[in-house]
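What follows is a set of notes on a single structure, which appears directly below.
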Amino acid sequence: MKPLGAILAGGAARRFGSDKALALLDGQRLIDHVAAALAPHCDAVILCGRPEAGGIADRPAPGLGPLGGLNAALHAGAARGCRSVLVAPCDTPVLPAPLLAELAAREGSCIVGSLPVLGSWDCRLATECDAYLAGGGRASMRAWAAQAGADVIDWPESIANINSRDDLSGLTGFFP
């Protein structure tokens, strides 16, 4: 069974100035680019942090950053009987297929060192993530990864992460 794909899209996008997930790049929303990149490697792709848009709510509550979305994805994956979730943020529209294939094939949990919100997580960590968040653990992907014993993958290529309108305009024309 392939992993469940999860797009983390619950952030406030303060630096960007508007909803990044819905920003257009070459005529498509950023979340659509991420969903298309994840789809070949996953049985299904869900949207985290967007219950109003047909996605699932961050868990246990909004405002925990990407870790709240990851926790929701872990529970959704476990409920579906998935071994793992392949997680990517909504603001990374150009994800390398070889990296996603490597993450999807991994056993256990791992993050990309240069972009820790991108990774593969064992769904059996769902209740442990609940306990971590309930215990006041830092709502940081790096801190959670260290707590959970996740491997760190060093990916040699740069991965575009859209934080500003300039970042977005720098990618325009990237897709045919």
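Sequential numbering from -2 applies to the sequence shown in my numbering. We put the CB at the ideal spot given by N, CA and C, even for glycine.
In its chain, beyond the 5 residues on either side, Ala85, Val109 have a beta carbon closer than 6 Å to the beta carbon of Leu115. Around the Cβ of Thr124, a 10 Å sphere holds fewer than 16 other Cβ atoms; the residue is exposed.
Ala54 sits away from Val42, with the two beta carbons spaced by 8 Å or more. When C-alpha distances from Ser106 are compared across Leu83, Ala20, Leu21, Ala128, the shortest belongs to Leu83. A residue is called buried once 16 or more other Cβ atoms fall within 10 Å of its Cβ, and Ala70 is buried on that count. Less than 8 Å divides the Cβ of Ala6 from the Cβ of Cys87. Within the model, the alpha-carbon separation for Ser81 versus Glu49 is close to 25 Å. Here Trp118 carries a strand assignment [DSSP, helix/strand/coil]. The Cβ neighbour count for Asn68, taken over all protein chains shown within 10 Å, is at least 16; the residue is labelled buried. Looking at the DSSP output, Gly2 shares a beta bridge with Val42, Leu83. For Val109, the pairing in a beta bridge is given by DSSP as Leu112, Ile150.
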